[in-house]
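Enquirer: Residue numbers (the working numbering), protein chains in the order written: chain F, 1 to 143; chain U, 1001 to 1143. Using N, Cα and C, we set each Cβ at its ideal position, and we do this for glycine too. Predicted model only: the values in this text are computed from it and were never measured.
There are 2 protein chains.
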Amino acid sequence: MKVNGAPLKQGMLPGLLGYRLRLAQQAVFRDFSASVAEISPGRFGILLLIDANPGVTQSRLAQAVSLERSTMVGVLHALQGSGLVERRRGTDRRTNGLWLTPRGHALMARLKRRIQAHERRVASRLSAAEREQLLGLLGKLTG
Amino acid sequence: MKVNGAPLKQGMLPGLLGYRLRLAQQAVFRDFSASVAEISPGRFGILLLIDANPGVTQSRLAQAVSLERSTMVGVLHALQGSGLVERRRGTDRRTNGLWLTPRGHALMARLKRRIQAHERRVASRLSAAEREQLLGLLGKLTG
DNA sequence: TATTGTTATACTCTATAACTATA
DNA sequence: TATAGTTATAGAGTATAACAATA
Chain F
1 MKVNGAPLKQ
11 GMLPGLLGYR
21 LRLAQQAVFR
31 DFSASVAEIS
41 PGRFGILLLI
51 DANPGVTQSR
61 LAQAVSLERS
71 TMVGVLHALQ
81 GSGLVERRRG
91 TDRRTNGLWL
101 TPRGHALMAR
111 LKRRIQAHER
121 RVASRLSAAE
131 REQLLGLLGK
141 LTG
Chain U
1001 MKVNGAPLKQ
1011 GMLPGLLGYR
1021 LRLAQQAVFR
1031 DFSASVAEIS
1041 PGRFGILLLI
1051 DANPGVTQSR
1061 LAQAVSLERS
1071 TMVGVLHALQ
1081 GSGLVERRRG
1091 TDRRTNGLWL
1101 TPRGHALMAR
1111 LKRRIQAHER
1121 RVASRLSAAE
1131 REQLLGLLGK
1141 LTG
């Protein structure tokens, strides 16, 4: 049997926006992982950007998600290896343009539905107005 | 010279709480790192909990910050190596109690002031009421 | 000269499984 | 038997520096 005693005192932690944001984000990501087992939130974002911007180059994509060019190489290699993404050499022959494969499109169609369900579940403790308020305050914070 | 063309289309991303939380958290952590170069947000949280709960055991601390016992070992080893934390064997001789060293206390005194400044800077785009509202909504989300 | 993609390498943070000493 | 701390190991996820091809 386990006796845990009193909960720990938290000090100034609960008053820090960064701490509360981290807790909220962890909770949301936990739900994301539970509903979308086959991909991480970050990878989903990358597929979504390719979907919305067919032919985008690796560098522009990397910049959009705040990753280094060199980091993006490995990420795309894995997504290509999974048959989700295709790289085609551009007219500027230094660049690779990126597209979803048919399989990539099919996956995204499935995921988008499940992610909408995830979003409803995550926001279920908030009213529609509160959810909008939260999105607005987060946007204001980020600037 | 660099010509970047139009910004990427974002698709459903800006409507997802998880995405917006991640952006906000990244922005806040960037400011944290800039104002508190000598330690990460996570390590600060651990030192703060030891400060507020002198003698806490490794396992209880790990549980409080959602880390594995085995992960906490390395973290504490590093903090002890930096002369910030002391481990003392407990009456239950399986346990280690944790305390800040004088140096750890001194560091925390300095950091707390700088972190209050960081918090004011991060929240500077929000009114006091908006900051409270945001903390409240985050708490509601986390449940 | 500058940019794109690439490789090699390393660092941070974390988890799992198996071990030990104590209870 | 169960718990606390530990070790060995591995896996994400990321960055930096140097390079070749191309502009």
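Does the stretch 1042 to 1055 of chain U come within contact of the stretch 7 to 19 of chain F, defined as at least 3 CB pairs closer than 8 Å?
Expert: yes
Enquirer: Of all Cβ atoms in chain F, is any one closer than 7 Å to the Cβ of Thr1091/U?
Expert: No - not a single Cβ of chain F is within 7 Å of the one on Thr1091/U.
Enquirer: With a floor of 4 residues, list each alpha helix (DSSP H) that falls wholly inside the stretch 1046 to 1123 of chain U, ordered by position along the chain.
Expert: 1058 to 1064, 1069 to 1081, 1102 to 1122
Enquirer: Out of Gln1058/U, Asp1092/U, Gly1139/U, Glu1132/U, which one is the CA nearest neighbour of His1077/U?
Expert: Gln1058/U
Enquirer: Does Val28/F come out as helix, strand or coil in the three-state DSSP assignment?
Expert: helix
Enquirer: Is Ala1117/U closer than 7 Å to Thr142/F when the C-beta atoms are compared?
Expert: The Cβ atoms of Thr142/F and Ala1117/U lie no closer than 7 Å to each other.
Enquirer: Looking at the structure shown, is Leu1137/U part of a helix, part of a strand, or coil, going by DSSP?
Expert: helix
Enquirer: If we cut at 7 Å on Cβ distances, does Gln58/F have a partner in chain U?
Expert: Taking Cβ atoms only, chain U never reaches closer than 7 Å to Gln58/F, which makes this a no.
Enquirer: For Leu1079/U, go through chain F and note every residue whose CB falls closer than 9 Å to its CB, in chain order.
Expert: What Leu1079/U touches in chain F: nothing, since even the nearest Cβ is about 16 Å away.
Enquirer: Nearest-angstrom Cα distance between Arg1103/U and Ser70/F?
Expert: Counting only the Cα atoms, Ser70/F lies some 40 Å from Arg1103/U.
Enquirer: With contact counted as at least three CB pairs below 8 Å, one residue from each stretch, are the stretch 1132 to 1142 of chain U and the stretch 110 to 126 of chain F in contact?
Expert: yes
Enquirer: Please report the straight-line C-alpha distance between Leu61/F and Ala106/F, rounded to a whole angstrom.
Expert: 21 Å
Enquirer: Quick check: what's the CA-CA separation for Val1056/U versus Leu1048/U?
Expert: 12 Å
Enquirer: Taking the straight line between their C-alpha atoms, what separation do you get for Gly1015/U and Leu135/F?
Expert: Going by the C-alpha atoms only, they are around 8 Å apart.
Enquirer: So, does the CB of Ala34/F fall closer than 7 Å to a CB anywhere in chain U?
Expert: So, not an interface residue.
Enquirer: Here's the rule: buried if 16 or more other CB atoms are within 10 angstroms of the residue's CB, otherwise exposed. What is Gly5/F?
Expert: Its Cβ having fewer than 16 others within 10 Å, Gly5/F is exposed.
Enquirer: So, is the C-beta of Ala27/F closer than 7 Å to a C-beta in chain U?
Expert: yes
Enquirer: Where Gln1025/U and Ser40/F are concerned, what is the direct C-alpha to C-alpha distance, given to the nearest angstrom?
Expert: 17 Å
Enquirer: Contact criterion: CB-CB distance below 7 Å. Does Arg1121/U meet it with respect to chain F?
Expert: no
Enquirer: Report buried or exposed for Met1001/U, applying the criterion of at least 16 other Cβ atoms within 10 angstroms of its Cβ.
Expert: Unreliable positioning characterises Met1001/U in this predicted model, as indicated by a pLDDT of 49, which lies under 50. A coordinate reading is not provided.
Enquirer: Applying the 10 Å Cβ sphere with the 16-neighbour rule, what's the burial state of Gly1018/U?
Expert: buried
Enquirer: What separation, rounded to the nearest whole angstrom, lies between the Cα atoms of Thr95/F and Ser1082/U?
Expert: 46 Å
Enquirer: I need the straight-line Cα distance from Phe1032/U to Ser1127/U, nearest angstrom please.
Expert: 20 Å
Enquirer: How is Leu17/F classed by DSSP in three states: helix, strand or coil?
Expert: Reduced to three states, the DSSP call for Leu17/F is helix.
Enquirer: Take Met108/F as the anchor and find which of Ala64/F, Leu79/F, Gly90/F has the nearest alpha-carbon.
Expert: Leu79/F
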